[in-house]
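I have placed the structure first, in the form of structure tokens, so that the comments after it can refer back to it.
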Amino acid sequence: MERFGQGEELVMEFPCDFLIKVVGRADVAFHARICEIVCRHDDSFDPLERLQRKDSSAGKYQSLTVNLRAISKEHIDAVYQDLKACELVLWAL
């Protein structure tokens, strides 16, 4: 078990579930690419169970909330780096 935080205050304890919100244009390719990126980092990732999709009111954009099984801060950072490098991603939180 790894812990990440400052001083005696525990911020995160690994492994843990970590939610990432990713936004892009509503497109089948966007959904597929995000699943591909997350699967590279989390071989237990099942999009049917660990991904929620929401379309914007006009249907132009889509947000995906990914439930990542994170094993370390570096693991989370690597996923964010790959998501932000994807040309289909407008932003990731």
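Using the numbering used here, read the sequence shown as starting at 84 and increasing by one per residue.
Beta carbons: idealized from backbone N, C-alpha and C, even for Gly.
Predicted model only: the values in this text are computed from it and were never measured.
How many angstroms separate the CA atom of residue i from the CA atom of residue j?
i	j	result
V162	I117	10 Å
K167	A175	7 Å
M95	D138	30 Å
In the DSSP assignment, find the alpha helix (DSSP H) that holds residue i and state where it starts and stops.
i	result
K167	156 to 168
A141	Neither: A141 is in no alpha helix (DSSP H) and is coded neither H nor E.
A109	No alpha helix (DSSP H) contains A109, which DSSP labels as neither H nor E.
Could you give the residue range of the beta strand (DSSP E) that holds residue i?
i	result
F128	Per DSSP, F128 belongs to no beta strand (DSSP E) and is neither H nor E.
A175	172 to 175
Please look up how many angstroms separate the CB atoms of residue i and residue j, rounded, as I've assumed it's under 8 Å.
i	j	result
V105	V172	6 Å
Q145	F113	6 Å
D125	R152	5 Å
N150	R133	4 Å
F101	S155	Not a contact, Cβ separation roughly 11 Å.
Closest to residue i by CA distance: which of the options is it?
i	options	result
I120	C169, Q135, E132	C169
A109	D160, D100, Q164, G142	G142
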